[in-house]
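The sequence shown: position 30 = 36 (the working numbering), numbered continuously.
Below is one structure, written out as structure tokens, with a few remarks after it.
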Amino acid sequence: MIAPGTAVREGVDAIVQARTGALICIGDNEELSFLYSGGLKIEVDYTPATLFQLAKMDGAITLSSNGTKIGWANVQLMPDPTILSLETGTRHRTAERVSKQTDALVIAVSQARSVVSLYLDGAKYILEEIPVVLAKA
């Protein structure tokens, strides 16, 4: 879903290049809705350009499990605050906690460092840049 050449990766790469940062939660919107506070329910087809534009807002963006629909934008994710997190930034701490509390894939794009972190089942993975991936092929 986030491999080079995919639509989700294209949108994430645009966010990195613009240095806007983002919090993207990929999973079943109904199952994850207990985490949502505020935000805009938009339910539109996913495009990289739409993801990029929505990332300019502060809140999280939710994508369907298969990444074809954008469900919510500018939504605050409210995971259980008692879940231990080793992260310090707000985006990354939220991403880690959501991934521990749910089965969602959560992508945190650091605005300051242009680093993309993937969180799944509480584990953190740093997304490598496409030239690095291609050099390993």
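We put the beta carbon where it would ideally sit given N, CA and C, even for glycine.
From a predicted model like this one, the values you see are computed outputs, not experimental measurements.
- Between the beta-carbon of Gly-73 and that of Ile-32 there is about 6 Å, and that keeps the pair under the 8 Å contact cut.
- Comparing alpha-carbon positions, the option among Arg-25, Leu-29, Gln-23 lying closest to Met-84 turns out to be Leu-29.
- Contact annotation: Arg-103 and Ile-89 have beta-carbon atoms nearer than 7 Å.
- Residue pairing of Ser-123 in beta bridges, as defined by DSSP: Ala-114, Ile-132.
- The shortest CA-to-CA distance from Lys-106 to any of Val-115, Lys-130, Arg-119, Ile-48 is the one to Lys-130.
- In this chain, the alpha helix (DSSP H) harbouring Gly-17 covers 13-24.
- When DSSP assignments are scanned along the region 50-112, the uninterrupted stretches of alpha helix (DSSP H) that are 4 or more residues long and fall wholly within it turn out to be 54-60, 96-107.
- Looking at the backbone, the Cα of Leu-38 and that of Gly-45 are separated by about 14 Å.
- For Leu-38, the enclosing alpha helix (DSSP H) stretches over residues 35-38.
- Non-local beta-carbon contacts of Ser-71 in its own chain, meaning distances under 8 Å to residues more than five positions away in sequence, involve Ile-32, Gly-33, Asp-34 in chain order.
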